[in-house]
Amino acid sequence: MTSVHTPADEAEARAVQDELRSRVVFDEPGPPPGQGLVAGVDVAYDDERDLVAAAAVVLDAATLDVVEQATAVGRVSFPYVPGLLAFRELPTVLAALDALTVTPDLVVCDGYGLAHPRRFGLACHLGVVTGRPVMGVAKNPFTFTCAEPGPARGDASALVAEDGSEVGRALRTQDGIKPVYVSVGHRISLDNACAHALALSPRFRIPETTRHADALCRRALRAAVGHGASGTSSQP
DNA sequence: GCGACAG
DNA sequence: ATCTTGTCGC
């Protein structure tokens, strides 16, 4: 049962990031696309009731069929601060992942990994905490810049930070559709992460993993609010 | 100093 | 993230 410490303030959160950042592994290629188990994780909030629901959905990478899924509901323990998203989302995401009976070969986050102001986005954080391969797929370029990738599915361009380093890639997953932004989290290469993102998006812009997790966490949140239940709490 | 800024 | 109808399209 893994967990994420909830900092008392932003300064402590940044200190935690600095401490964990050195443990990210970037020199492993990661699991091959199209085989094994890939999990998608996402969360939904109810600020009124201070609730957060997380979902973890495991897909068979070859068929994209759902193999298993789990949810967890907890209380929001950290405010939304750009750059510190992990502290808001991961406690409940970990609870959902812990509820799975299978261990996915790769986890896909809705957000960034290395492409982060402090080079330690939630995908890196989740990777270090679980020790498992993790990558991030975001819907916006955040603070980074990139050239417009080619128009065809599979076309990509470098996502560049202020210092000129490539921190991720803008990847077109569907012809003529706005690209997604891929970055590595832990124990996977950028090339392989892009290959996975493409394999997971045969029909829509967003990877099937994220689409399933998004739908499930919203359902879990509605159920929690509707029944006033707390589900598998991330903070007992 | 102020604003922008993954979800 | 979330607030939100009808509408366009497969």
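When you read off a place in the first sequence, starting at 1, and then add 96, the result is the number in the numbering used here. Where is the CB? At the ideal position from N, CA and C, for every residue including glycine. None of the values given here were measured: they were computed from a predicted structure.
- When secondary structure is reduced to three states using DSSP, glycine 232 falls in the strand class.
- Separation of aspartate 105 and threonine 98 (C-alpha to C-alpha, rounded to the nearest whole angstrom) is 22 angstroms.
- Annotation for leucine 196: Ala152, Val154, Glu164 and Ala166 place their beta carbon closer than 7 angstroms to its own, counting only its chain and skipping 5 residues before and after.
- Inclusion of threonine 188 and valine 148 in the CB contact set at 8 angstroms is warranted, their separation being smaller than that value.
- Valine 256 and alanine 150 have their C-alpha atoms some 30 angstroms from each other.
- In this structure, DSSP gives glycine 250 a state outside helix and strand, which the three-state scheme calls coil.
- For cysteine 290, the closest C-alpha among the options Leu312, Arg249, Arg314 and Leu317 is that of Arg249.
- Judged by DSSP in its simplified three-state form, aspartate 287 adopts helix.
- In the displayed model, threonine 306 falls within a helix according to three-state DSSP.
- Taking a cut-off of 8 angstroms on C-beta distances, the segment 213 to 232 does not touch the segment 308 to 323, as fewer than three cross pairs fall below it.
- By the C-beta density criterion, glutamine 131 is exposed, having fewer than 16 other C-beta atoms within 10 angstroms.
- Boundaries cannot be given for threonine 159, as no alpha helix (DSSP H) includes it and DSSP labels it neither H nor E.
- In the structure shown, histidine 282 falls within a strand segment according to DSSP collapsed to helix, strand and coil.
- Here phenylalanine 300 is exposed. Its C-beta has fewer than 16 other C-beta atoms within 10 Å.
- In the structure shown, glutamine 131 adopts coil according to DSSP, grouped into three states.
- Annotation: asparagine 236 to glycine 322 spans about 32 angstroms, alpha carbon to alpha carbon.
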